[in-house]
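Visitor:
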């Protein structure tokens, strides 16, 4: 199970369900952001049964990261046709708020 869905991401970002202009980008960014959160927090977010389980706030953090990447000049200038686009954009620097959210997730113990 992914950290979030296209529908939830659009809803929390205030994007109308009928607006499909960013759907492809969001769908590409969801797994990239999920892997980035796992790497940044050094957690797999999997319970003892092997089922994905994320701590409170992880989904919202992922959605905020997706929003940041959608608005990033690096992302807008690239074609979003692969993982290298996301990695290039994330390397250009996170906003202070996104980094704080990641740091908070690092403090949360696995559940």
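Residue numbers (the numbering used here): 7 to 117.
The beta carbon of each residue, even a glycine, is placed where N, CA and C say it ideally should be.
Going by DSSP, name the residue or residues bridged to residue 52.
Guide: 58
Visitor: Any idea what DSSP makes of residue 21, helix, strand or coil?
Guide: DSSP places residue 21 in coil when its eight states are reduced to three.
Visitor: What does the alpha-carbon distance come out to for the pair residue 47 and residue 24?
Guide: 34 Å
Visitor: For residue 16, count neighbouring C-beta atoms within 10 Å of its own C-beta (all shown protein chains included) and say buried if the count is 16 or more, exposed if not.
Guide: buried
Visitor: Please tell me whether residue 54 and residue 8 are closer than 9 Å, where the distance is taken between their beta carbons.
Guide: It is not a contact, given that the beta carbons lie outside the stated cut-off.
Visitor: How about residue 107 and residue 63: do their beta carbons lie closer than 9 Å?
Guide: yes
Visitor: Got a sec, what are the start and stop residues for the alpha helix (DSSP H) residue 72 sits in?
Guide: 64 to 77
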